[in-house]
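Asks: One structure follows; several queries about it will come next.
This is the structure in structure tokens:
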């Protein structure tokens, strides 16, 4: 029991060994922009950009330093008046479509849009067939 | 045929289950390669990362000679592992330029004193801005840039002894 308590205490006070720098966060990494409209635009964009370190998290969610630097980049550029979609395009030019949670409509991704319509069509076809059969009875 | 068909939904369910379960148990972690291979080096100008050594700008890099741009940091452990290989490349006459990510001059100076200094110049990149502009997603990464300033190759992770001949031949081809 005492050993377990000691282990718990040690775990609680341990600091993880992170491969992180000692530098303070870049400007606007964790602060909002003063203009609420710009901040809303930045937030909207940050939620749809993928973190390169914690893959599967958006840069708005991730605690990775690189995600912080990307938030700083997004916010400072939006403050300078750059359009959110231009920033997304700039990042896609560097990291590919992978970095964006907003997939483009192209030769590879068109099924994402067409398949739901196709499935809906199949559903309507099945249901209408059943209804017709039931009406006949 | 009908009798076989009733099993189709179950089979589909199992197939989906296996796909989702395997994705949950071992999520894929992809190496994201830069899309700038074959494209010119982005324009940048970085202040010196360490006192007594020049900083780094893209203009200086476009000097007609193929070179390596090494993205590294003093807080990055694999960067220590690749230091002897960089030293070897530097001794073979390869110009190596460093981009130090989120680094403090004193830490960088200590890192170079300890692990050797193969760099002709080191630019300090406190906000990872050049790293992001390069499409690099971690440290260490090394870009092979040709004499016209076109990025020819991206090496992700530390350069190991067996990688050195490949890098030398890629540099030779980049002339």
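Chains as they are written, first to last, in our numbering: chain A, 2 to 138; chain B, 138 to 312. Cβ coordinates follow ideal geometry from the N, Cα and C atoms, glycine included.
Is the Cβ of residue 67 of chain A closer than 8 Å to any Cβ of chain B?
Replies: Looking up residue 67 of chain A in the first chain gives position 66. Yes, contact with chain B.
Asks: Residue 304 of chain B and residue 193 of chain B: beta carbons closer than 8 Å?
Replies: Position 167 of the second chain, counted from the start, is the residue given in the question as residue 304 of chain B. Position 56 of the second chain, counted from the start, is the residue given in the question as residue 193 of chain B. No.
Asks: For a minimum of 4 consecutive residues, which ranges assigned as the alpha helix (DSSP H) are wholly contained in the stretch 19-54 of chain A?
Replies: 37-47
Asks: Taking C-beta to C-beta, are residue 312 of chain B and residue 203 of chain B nearer than 8 Å?
Replies: Residue 312 of chain B sits at position 175 when you count from the first residue of the second chain. Residue 203 of chain B sits at position 66 when you count from the first residue of the second chain. The Cβ-Cβ distance between residue 312 of chain B and residue 203 of chain B falls below 8 Å.
Asks: Would you say residue 99 of chain A lies against chain B (beta-carbon separation less than 8 Å)?
Replies: Taking the first chain and counting its residues from 1, one reaches residue 99 of chain A at position 98. Under the 8 Å criterion on CB atoms, residue 99 of chain A is classed as interfacial with respect to chain B.
Asks: With the cut-off set at 8 Å, would you say residue 231 of chain B and residue 280 of chain B are in Cβ contact?
Replies: Residue 231 of chain B sits at position 94 when you count from the first residue of the second chain. Residue 280 of chain B sits at position 143 when you count from the first residue of the second chain. Annotated as distal: residue 231 of chain B and residue 280 of chain B, with beta-carbon spacing of 8 Å or more.
Asks: For residue 86 of chain A, count the other beta carbons within 10 Å of its own beta carbon; 16 or more makes it buried, fewer makes it exposed. Which is it?
Replies: As a first step, residue 86 of chain A is located in the first chain; it is residue number 85 there, counting from the start. Label assigned to residue 86 of chain A: exposed.
Asks: Classify residue 295 of chain B as helix, strand or coil using the three-state DSSP reduction.
Replies: As a working note, residue 295 of chain B is residue 158 in the second chain. If DSSP states are grouped into helix, strand and coil, residue 295 of chain B belongs with coil.
Asks: Using a threshold of 7 Å, is the CB atom of residue 28 of chain A nearer than that to any non-hydrogen atom of the ligand MG?
Replies: Of the ligands one can find in the structure shown there are none, so the ligand MG has no counterpart to examine.
Asks: Note down the Cα distance separating residue 228 of chain B from residue 284 of chain B, rounded to an integer number of angstroms.
Replies: Along the second chain, one-based indexing puts residue 228 of chain B at 91. Along the second chain, one-based indexing puts residue 284 of chain B at 147. When rounded, the distance between both Cα atoms is 19 Å.
Asks: Answer with buried or exposed for residue 190 of chain B, where buried requires no fewer than 16 other C-beta atoms within 10 angstroms of its C-beta.
Replies: Looking up residue 190 of chain B in the second chain gives position 53. Looking at its Cβ environment, which holds 16 or more other Cβ atoms inside 10 Å, residue 190 of chain B is buried.
Asks: Could you tell me whether the Cβ of residue 263 of chain B comes closer than 8 Å to any Cβ of chain A?
Replies: What you label residue 263 of chain B is simply residue 126 of the second chain in a count that begins at 1. Chain A, which has a Cβ nearer than 8 Å to the Cβ of residue 263 of chain B, makes this yes.
Asks: In this structure, what does DSSP give as the bridge partners for residue 207 of chain B?
Replies: Counted from its first residue, the second chain places residue 207 of chain B at position 70. Among the bridge pairs identified by DSSP, residue 207 of chain B is matched with B/235, B/279.
Asks: Using a 10 Å radius around the Cβ and a threshold of 16 neighbouring Cβ atoms, would you call residue 102 of chain A buried or exposed?
Replies: Working through the first chain from its first residue, we reach residue 102 of chain A at position 101. Residue 102 of chain A is exposed by the Cβ-count criterion.
Asks: Taking the alpha carbon of residue 56 of chain A as the point to measure from, which residue in B/165, B/242, B/199 has its own alpha carbon closest?
Replies: Position 55 of the first chain, counted from the start, is the residue given in the question as residue 56 of chain A. Among B/165, B/242, B/199, the Cα nearest to that of residue 56 of chain A belongs to B/165.
Asks: How many whole angstroms separate the CB atoms of residue 255 of chain B and residue 233 of chain B, which I take to be in contact at a CB cut-off of 8 Å?
Replies: Position 118 of the second chain, counted from the start, is the residue given in the question as residue 255 of chain B. Position 96 of the second chain, counted from the start, is the residue given in the question as residue 233 of chain B. That pair is a contact at about 5 Å.
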